[in-house]
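Each step along the sequence shown adds one to the number in the working numbering, with nothing skipped, and position 186 is 186. All C-beta atoms, glycine included, are put in the ideal place defined by N, C-alpha and C. All values derive from a computational prediction rather than experimental measurement. I have placed the structure first, in the form of structure tokens, so that the comments after it can refer back to it.
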Amino acid sequence: MSLFALATGLILAVAACGGFVYTTVGGTVTGLGSGTTSGGTLVLVDTAGYKQSLTLDGTFSFKVASNADYNITVGTQPTQVNCTVTNGSGHMTSDAAVSNIVVKCVPKVPVTATVSGLTSGSVILYNNANANYDALTLSTNTAGTFSYYIASGQTYAVTVGVQAAAQTCTVQNGTGTVDNSNLTGASNVLVTCIPSVPVSVVLTGLGSGKTVTIADNATDFLYLSATGTYTFTNSIVDGQTYAVTVTTQPTGQTCTVVSGSGTALLSNPTGASNIAINCVNN
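Here it is as structure tokens:
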């Protein structure tokens with residue numbers, strides 16, 4: 001007797017005794033992509049945690065016991081489309097394969113921002129305050145699109161995460177709700193940059209291994225652990241004020257600020273760079 005015949009006999013014997021065999025549960029994915037054009041990578045997950053990754057339209061299947069429950073869900077959405085599962089859960093009552101699960105994907109909306117007035121350096125934008133995976137860096141006056149698209153009905157909120165050096169960039173039309181019937185609806189985000197005055201400090205006297213925290217206008221923080229010259233991330237618009245303070249003193253020392261407040265002037269940009277922070281032992 002061949003091994004195949006022996007294995008088949010064992011499976012039939014188990015089934016006859018009230019046991020189970022393995023079969024498949026699957027279906028079809030549409031709207032994800034065709035040919036070489038993909039909306040990203042879709043990850044499907046079954047009840048046991050097994051995964052399948054797909055980048056194009058087609059069929060899929062998972063191995064399931066003939067008497068088991070199953071639940072097929074989206075584990076990871078693609079970047080450019082949003083996928084939903086129909087007929088994804090049920091209970092197997094025989095060893096007949098299930099193939100009626102439908103995964104339908106519809107386009108997400110790209111969020112695009114156009115920068116103007118940028119003269120040097122780069123401005124970093126965040127969408128929905130997500131610095132970890134949806135940051136957009138622009139170093140020229142051009143349009144850029146965030147990596148992650150937004151599903152229809154969901155909101156976007158573009159903000160400046162890191163200002164360009166010696167400039168202040170602001171966002172117009174930065175928030176809204178996307179609609180996949182209008183794929184250009186989130187493409188009118190405007191970022192305008194104007195020259196501004198950097199605020200710099202000279203730190204002296206800080207002991208080895210110690211850290212001092214300083215802030216400008218109580219919103220822009222620097223965490224310093226060595227003497228030297230440092231510049232705050234955010235520059236100040238012409239005519240606006242700055243106010244540098246020590247928010248956390250180093251252990252065993254007291255640091256004081258000299259000439260820490262004033263009005264930022266483009267006509268005298270060095271006025272905000274003569275700030276001294278002197279640390280002495282207690």
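State the beta-bridge partners of residue i as determined by DSSP.
i	result
T229	V202
Q163	Note: Q163 sits in no beta bridge, so no partner.
F221	A215
Q253	N281
A276	V202 and V258
L125	L136 and V160
P195	Q167
G190	It is Leu, not Gly, that sits at residue 190 in the sequence shown. Beta-bridge pairing links L190 to T114 and Q172.
T248	T213
Within 10 angstroms of the Cβ of residue i, are there 16 or more other Cβ atoms? Answer buried if so, exposed if not.
i	result
T59	exposed
K63	exposed
Q163	buried
A272	buried
T284	This structure does not reach residue 284, given that the chain is present from 1 up to 282, and the question cannot be answered.
V14	In this predicted model, V14 has a pLDDT of only 44, less than 50, meaning its place in the structure is not dependable enough to derive any value.
S89	exposed
D46	buried
Q297	Given a span of 1 to 282 for the chain in the structure shown, any question on residue 297 remains unanswerable.
G49	exposed
G209	exposed
T219	exposed
F221	exposed
S196	buried
G252	exposed
T37	exposed
V21	exposed
Sorted by chain position, which residues of the same chain lie with C-beta nearer than 7 Å to residue i's C-beta, five sequence neighbours on each side aside?
i	result
S122	T137, L138, S139 and A164
S267	none
V85	I72, T73, V74, I101 and V103
Y223	T211 and T213
Near residue i, what residues of its chain come up, given a Cβ to Cβ distance below 6 Å and the 5 sequence neighbours on each side ignored?
i	result
T245	A215
C105	G31, L32, V81 and C83
C17	Unreliable positioning characterises C17 in this predicted model, as indicated by a pLDDT of 44, which lies under 50. A coordinate reading is not provided.
I277	V201, L203, C255 and V257
A143	T112 and T114
V43	K51, S53, G75 and T76
Kindly list the residues whose CB is nearer than 8 Å to the CB of residue i, restricted to its own chain and excluding five residues on each side of it in sequence; keep chain order.
i	result
D179	V109, S152, G153 and G185
T155	N128, T175, G176, T177 and V178
S2	Unreliable positioning characterises S2 in this predicted model, as indicated by a pLDDT of 44, which lies under 50. A coordinate reading is not provided.
Is the Cβ of residue i closer than 8 Å to any Cβ of chain B?
i	result
T36	Of the protein chains in this structure there is only one, and it is not chain B.
To test your reading of the DSSP string, which unbroken beta strand (DSSP E) runs of 3 or more residues are found completely within the stretch 135 to 181? Qualifying beta strand (DSSP E) stretches, in chain order: 135 to 138, 143 to 145, 155 to 162, 167 to 172 and 175 to 177.
What are the complete alpha helix (DSSP H) segments, minimum 4 residues, inside the stretch 16 to 101? Runs of the alpha helix (DSSP H) inside the stretch 16 to 101: none found.
Three or more beta-carbon pairs under 8 Å between the stretch 107 to 121 and the stretch 183 to 193, yes or no? Flag = yes, the stretch 107 to 121 and the stretch 183 to 193 touch.
Given 8 Å, three or more beta-carbon pairs between the stretch 220 to 233 and the stretch 192 to 206: Pairwise C-beta distances place the stretch 220 to 233 in contact with the stretch 192 to 206, as three or more of them are shorter than 8 Å.
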